[in-house]
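Visitor: Note that the protein sequences, when read in sequence, are chains A and B. For the first sequence, numbering that gives the first Met the number 0 puts the final residue at 345, and the numbers step up evenly by one. For the second sequence, numbering that gives the first Met the number 0 puts the final residue at 385, and the numbers step up evenly by one. Even glycine gets a Cβ: it sits at the ideal position worked out from N, Cα and C.
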Amino acid sequence: MPDWKIAIIKVVFIWCWTLIVAVIMTWVERRGAAMIQDRLGPNRAGPFGLLQPLADGIKLFTKEDIVPARAQKYLFTLGPVMFALPAFSAYAVMPFGDKITLGGKEIILQISDVSIGILYVVALGSIAVYGMIIGGWSSNNKFSILGGLRSTAQLISYEVPWGLAILAAVMLYGTFSMREVSLAQQGTFLGFLPNWGIFKQPLGFILFIVAAYCEANRVPFDLPEAESEIVAGYHTAYGSMRLGLYLFGEYINLYTLSAIIVTLYFGSWHLPYVDMSTFLGPISYGIATFLVFFLKVAFFLWLFVWVRWTVPRFRYDQVMGLGWKTLIPIGLFNLFITALFIQLSI
Amino acid sequence: MTAESQCRIYPEAINEPEPSGDYVHINIGPSHPAMHGTLRIITTTDGESVINAEPEIGYLHRGVEKLGENLNYTQFIPLTDRLNYCSAAANNVAYEMTVEKLMGLEVPEKAQLIRIILMELARIADHQVCVGILGVDLGAFTPFLYLFIQREEIYEIFEKTNGTRLTNTFGRIGGVDTDLPEDFGPMWNKLRDGIRKANDETDRLLTHNRIFMDRAIGVTPFSAEDALNWGFTGPCLRACGVKRDLRRDEPYYMYDSFQFKIPTGENGDVFDRYMVRMIEMEESVKIIDQAYEMYRQMPEDAPLMARVPKIIKPPAGEVYHAIESPNGELGFFIKSDGTSNPYRIKIRPPCYMIYQAFPELVQGEMIADLIACLSSLNIIAGELDR
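Spelled out as structure tokens, the structure:
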């Protein structure tokens, strides 16, 4: 099979898989919330309400598409697209498994192993925020503008600690390539711990996960869409599938962020203490690595849901205070410690 | 800004030029997720800071007081349900007590106990809603539902008592129409455990939560002196540190024979108001326990109604009576001209006085705090607008 065909198969597979995960996540969110809150949740459409996302999708598609009077029409359309697309694109560099050997040909389970993979993901994450800001500013609605303003402030406050956490990780692994980062986490560390990023970068992991919640606009950092304060924030004026793209994009974003967390800090496709390639066949090994990776991602997806339905939300100035006064000093400290360790061990 | 402009409640205020600065007017409500019904607040903001917030009331005005003039004394009871609909039983009793005071009726002891039990149940339900909504407005949705499951159980008891859940129309002038259900004892035992468990869970999810504390402690504080000057009553006043509770200060029924504490706060901030309500729920549980114990010792055939004429015709005169409703001092003023319809009914809802101070409370705070403050005051549009 020529390389371009393999590439197309991988792209199509990842595209569909991401969509399916996002769809299932909307269901998990609602059923999970119901479980936490002692109620049933949607259980009418299909078994266990599994078809609920489909019903929601049909509803959103058949709603009237309204552009508010005096809204910036082009920007209004651009907003949701800019929000949802980067999240998808981030998957181009995400390793979702090790490799499959098929007909004597090694196929890496990653669309493209770019040498600046991590930078690419961070850059795309920043573009998604513009989707919110543009959506908020173009709606000609005061609540939307407040939501847009809040997301701008949030962007500045959390992206710096986020960058610092990633920088420390990059220093540790000495590479920007997602696949090489994954490969580096094989084996054990200090003889008894799995060689995972979290054990070498505990502070960095905490920084990263806090910033990830900020990036995903989830409670406790869901200020741009704080329902009780500014109605629905930046997407107040949105309806029909435009709104659907925002809601959907959020779940794709969650999936991407969870995948980055797993890749950087949780050993990607590696199982602790077990090297699966020694006893599994070439094809089953590929599938097993994919499953291991996905199970880890699923845990973090669930964590997003769990946290959302447990804690209250910060205030606007508290998020900034947390970002500038707590996370950035911790990030710099972490950077310093990491540098020190690297120097000492070499 | 002068004191006059702070308490202005007319919409034309927004058309006046602002003194200085580049401010934005944001119209919060009457249809807004956090406006608990149909409140409207016209806020002048500078970014996220609130420069001024002017409440505009009246979106839920139904003319309850005027309607009362065309109904007879018994027919007015269902209208009192619609004042503070979170605790309808307390409103019913407040009105009935006022009419009984005007007529000089003494309610039988058993009826008093039933009224106390249901009023305290209503107080728990009201506080549960307030505490839960405060959580929702701060972004924590889950405690709200834990509390609501127990509130549902309270309504089960109401339903078993006289067939209604939310709007109780409970009691009649001169007593109560129905006795407590036969299985009140086991139901209450189950409910008490449930309430304590839900409060415990809320405690763990909110009270000791760092984010909640940051959002609530020191937010919109109010001094005891200001609170008294503005006419605060109920939990909001006690949160400011004033130990005033009509159940203890002007005891009615058998409240002076019960052991219960009156919780007070210090700063009158959102957190204190929240804590006062949380503790009051526990105190109400204790009151119900004691009242039910006394109730059980009553003979089975003890009267539930005083001797009242078939048509209620109080003597001509005026009367004011207030009770400690969940929200504060709920008073009824009735002027009677000796006919079967009241000549004039005036209601003193606790919210009305508390809401006046709202601009003063939230000035200089942020929009998110404005929402938190509003839900911690427990402004109920039904009793505010009447």
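1) Can you name the start and end residues of the beta strand (DSSP E) that HIS234(A) belongs to?
2) Are there 16 or more other CB atoms within 10 angstroms of the CB of LYS324(A), so buried, or fewer, so exposed?
3) Name the chain A residues whose beta carbon is nearer than 8 Å to that of LEU144(B)?
4) Compare the C-beta of THR37(B) against all C-beta atoms of chain A and say whether one is closer than 9 Å.
5) To which residues of the same chain is LEU302(A) closer than 7 Å at the C-beta, ignoring the five residues directly before and after it?
6) Counting only the same chain and skipping the five closest in sequence on each side, list residues whose C-beta sits under 6 Å from that of LYS386(B).
7) Could you give the distance in angstroms between the alpha-carbon of ARG295(B) and the alpha-carbon of ILE287(B)?
8) Among PRO142(B), LYS159(B), MET352(B), which one has its Cα closest to the Cα of ALA32(A)?
9) Who are the Cβ neighbours of SER157(A) in its own chain at under 6 Å, not counting the five residues just before and after it?
10) Taking all protein chains shown into account, do 16 or more other C-beta atoms lie within 10 angstroms of the C-beta of LYS295(A), making it buried, or fewer, making it exposed?
11) What are the start and end residues of each continuous alpha helix (DSSP H) run of 4 or more residues lying completely inside the segment 253-307 of chain B, in chain order?
12) Determine, using beta carbons only, whether TYR237(A) comes closer than 9 Å to chain B.
13) Rounded to whole angstroms, what is the Cα-Cα separation between ILE327(A) and ASN333(A)?
14) Who does ILE39(B) pair with in a DSSP beta bridge?
15) Quick one: any contact between the segment 160-178 of chain A and the segment 102-116 of chain A, if contact means 3 or more CB pairs under 8 Å?
16) Assign ILE50(B) to one of three DSSP states: helix, strand, or coil.
17) Just to confirm the assignment, what range does the alpha helix (DSSP H) spanning ARG209(B) have?
18) With three or more C-beta pairs closer than 8 Å as the rule, is the segment 260-277 of chain A touching the segment 221-233 of chain A?
19) Report buried or exposed for HIS207(B), applying the criterion of at least 16 other Cβ atoms within 10 angstroms of its Cβ.
20) Taking only beta carbons into account, state which residues of the segment 310-327 of chain A come closer than 9 Å to chain B, listed in chain order.
21) Hey, is ASP202(B)'s beta-carbon within less than 9 Å of any beta-carbon in chain A?
22) Quick one: which unbroken alpha helix (DSSP H) runs of 4-plus residues sit fully inside the segment 78-149 of chain A? Chain order, please.
23) Given a cut-off of 9 Å on the beta-carbon distance, is the pair SER239(A) and LEU84(A) in contact?
24) Which first and last residues belong to the beta strand (DSSP E) in which ILE333(B) is found?
25) Judging by CA-CA distance, which residue of GLU155(B), GLU53(B), GLU299(B) is the nearest neighbour of ILE41(B)?
26) Tell me which residues of the segment 219-244 of chain A have at least one Cβ-Cβ distance to chain B shorter than 9 Å, keeping chain order.
27) How many Å lie between GLU224(A) and ASN139(A) at the Cα?
28) Please tell me whether TRP301(A) has its Cβ less than 9 Å away from any Cβ of chain B.
29) Using the beta-carbon of each residue, which ones in chain A are nearer than 7 Å to ASN208(B)?
30) Given that LYS141(A) touches chain D, what residues does it touch there, using C-beta distances under 7 Å?
31) Beta-carbon separation of LEU373(B) and LEU38(B) under 9 Å?
32) For the alpha helix (DSSP H) that ALA238(B) lies in, which residues bound it at each end?
33) Out of VAL98(B), ALA121(B), GLN111(B), which one is the CA nearest neighbour of GLY67(B)?
34) Classify SER375(B) as buried or exposed, calling it buried when 16 or more other Cβ atoms lie within 10 Å of its own Cβ.
35) Under 9 Å between C-beta atoms, does ALA32(A) make it to chain B?
36) Give me the Cβ distance between LEU137(B) and ARG214(B), rounded to the nearest whole Å; I'm assuming they're in contact under 8 Å.
Guide: Judging by the given coordinates:
1) Looking at the DSSP string, HIS234(A) is not in any beta strand (DSSP E), and its letter there is neither H nor E.
2) exposed
3) GLN36, ASP37, ARG38
4) no
5) Around LEU302(A): no qualifying Cβ.
6) Chain B is shown from 0 up to 385; residue 386(B) falls before or after that span and cannot be answered.
7) Roughly 12 Å separates the two Cα atoms.
8) The residue with the shortest Cα to Cα distance from ALA32(A) is PRO142(B).
9) It should be noted that the sequence gives Tyr, not Ser, for residue 157(A). Same-chain partners within the cutoff: ALA210, CYS213, GLY322.
10) buried
11) 269-295
12) Taking a beta-carbon distance threshold of 9 Å, TYR237(A) does not count as an interface residue toward chain B.
13) 10 Å
14) The amino acid at residue 39(B) is misidentified as Ile; the sequence shows Arg. DSSP lists GLU55(B) as partners of ARG39(B).
15) yes
16) Reduced to three states, the DSSP call for ILE50(B) is strand.
17) 209-215
18) With the cut-off at 8 Å, the segment 221-233 of chain A and the segment 260-277 of chain A do not touch.
19) exposed
20) VAL310, PRO311, ARG312, PHE313, ARG314, TYR315, ASP316, GLN317
21) No, ASP202(B) does not count as interfacial toward chain A.
22) 116-137
23) no
24) 327-335
25) Answer by Cα proximity: GLU53(B).
26) PRO219, ASP221, LEU222, ALA225, GLU226, SER227, GLU228, ILE229, VAL230, ALA231
27) One Cα belongs to GLU224(A), the other to ASN139(A), and the distance between them is close to 16 Å.
28) no
29) VAL310, PRO311
30) Absent from the structure is chain D; the protein chains it does hold are A and B.
31) Yes, Cβ-Cβ distance for LEU373(B) and LEU38(B) is below 9 Å.
32) Element bounds for ALA238(B): 233-238.
33) Cα-wise, what sits closest to GLY67(B) is VAL98(B).
34) buried
35) yes
36) LEU137(B) to ARG214(B), Cβ: 5 Å. Contact.
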